[in-house]
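Participant: So that you can map any letter, position 137 of the sequence shown is 526 in our numbering, and since no number is skipped, the others follow by simple counting. Using N, Cα and C, we set each Cβ at its ideal position, and we do this for glycine too.
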Amino acid sequence: MINVSKLELNFYLQKLRGPIDNFPESIKRRSTGITVSIKTTCFLTSSSSPTDTEESLLMEGNKGGYAWAISAGLNAALAAISAKLFSSHLLRYGLVIFFNVVMWGCYVNSLKALSSLQATGTNFATNFLSSGLAGFFLFEESLSIKWFAGALLIVIGVLVLSKSSIEGKTHSD
390 MINVSKLELN FYLQKLRGPI DNFPESIKRR STGITVSIKT TCFLTSSSSP
440 TDTEESLLME GNKGGYAWAI SAGLNAALAA ISAKLFSSHL LRYGLVIFFN
490 VVMWGCYVNS LKALSSLQAT GTNFATNFLS SGLAGFFLFE ESLSIKWFAG
540 ALLIVIGVLV LSKSSIEGKT HSD
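#1: By Cβ distance below 6 Å, which residues in the same chain neighbour Trp-457 in space, the five residues on each side in sequence not counted?
#2: Check the C-beta distance from Gly-521 over to Leu-532 and give it rounded, since I have them as a contact under 8 Å.
#3: Does the stretch 522-542 come close enough to the stretch 465-474 that 3 or more CB-CB pairs lie under 8 Å?
#4: What residue from Asn-451, Ile-545 and Asn-512 has the CA that sits closest to Ala-465's CA?
#5: Nearest to Ala-523 by CA position, among Asn-451, Ala-469 and Arg-481, is which residue?
#6: By a C-beta neighbour count over all protein chains shown, 10 Å radius and 16 as the cutoff for buried, is Lys-552 buried or exposed?
#7: Classify Phe-488: buried if its beta carbon has 16 or more other beta carbons within 10 angstroms, exposed otherwise.
#8: Straight-line CA distance for His-478 to Ile-459?
#9: Which residue spans inside the stretch 512-547 form an unbroken beta strand (DSSP E) run of at least 3?
#10: Would you say Ala-514 and Ile-543 are within 8 Å of each other, going by their C-beta atoms?
#11: Mapping DSSP to helix, strand and coil, what is Ser-551?
#12: Output needed for Ser-420: all residues of its chain with C-beta closer than 7 Å, excluding positions within five of it in sequence on either side, in chain order.
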């Protein structure tokens with residue numbers, strides 16, 4: 390007998406987006422008592438802890454969320470860079486608005502896969518590091534040892550947050 394709560398099913402339906410056509414015919418024909426009206430891959434398990442496959446799929450979803458958060462941070466840095474780099478006011482403001490709109494789109498997508506703390510921390514760290522390095526390489530700004538120490542602490546903090554969140558998800562399920 391399959392023991393899946395509605396919350397678990399909704400969680401897996403949101404996290405795992407793949408065609409159900411990849412399932413073998415024997416699984417498609419089996420009746421589980423659950424009707425799914427959207428085409429998605431759904432792993433139903435009888436155990437209370439996630440399987441290795443489910444755990445790896447959760448981590449893949451997080452990787453996509455981190456990619457969106459990093460992209461958001463890079464776009465925020467590009468907005469700041471374009472504000473300093475171009476002299477034409479129309480071009481400057483147009484690029485700032487463009488990069489900020491793209492940044493918000495990426496940030497919202499990162500929130501779909503990550504917690505708000507992970508998404509915000511990763512976005513901030515990427516924006517901070519890329520803005521600082523762009524200032525150093527493009528505008529010849531000086532960076533002190535304190536800046537590098539702070540950057541290292543930010544990166545370590547983001548890594549701790551991401552690792553603790555992944556472990557928390559696998560242990561709480």
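Facilitator: Concretely, from the data shown:
#1: Here residue 457 refers to the residue found at position 68 when the sequence shown is read from its first residue. Hits under 6 Å: Cys-495, Asn-498 and Ser-499.
#2: Position 132 of the sequence shown holds residue 521. Position 143 of the sequence shown holds residue 532. Rounded, the Cβ-Cβ distance is 6 Å, consistent with contact.
#3: yes
#4: One-based indexing of the sequence shown puts residue 465 at position 76. If we check each option's Cα against that of Ala-465, Asn-512 comes out closest.
#5: Translated into the one-based positions of the sequence shown, residue 523 becomes position 134. Looking at the Cα atoms, Ala-469 is the closest of the given residues.
#6: As a position in the sequence shown, residue 552 is number 163, starting the count at 1. By the Cβ neighbour-count rule, Lys-552 is exposed, with fewer than 16 other Cβ atoms within 10 Å of its own.
#7: Translated into positions along the sequence shown, residue 488 becomes position 99. Phe-488 is buried by the Cβ-count criterion.
#8: Numbered from 1 along the sequence shown, position 89 holds the residue referred to as residue 478. Numbered from 1 along the sequence shown, position 70 holds the residue referred to as residue 459. If you take the alpha carbons of His-478 and Ile-459, they lie about 28 Å apart.
#9: Counting whole runs of 3 or more residues, the stretch 512-547 contains no beta strand (DSSP E) stretch at all.
#10: Along the sequence shown, read from residue 1 onward, the residue named residue 514 stands at position 125. Along the sequence shown, read from residue 1 onward, the residue named residue 543 stands at position 154. It is a contact, given that the beta carbons lie within the stated cut-off.
#11: Your numbering for residue 551 matches position 162 in the sequence shown. DSSP places Ser-551 in helix when its eight states are reduced to three.
#12: Within the sequence shown, the letter at position 31 stands for residue 420. Reliability of the predicted coordinates at Ser-420 is poor, the pLDDT of 39 falling under 50, and no value is obtained from them.
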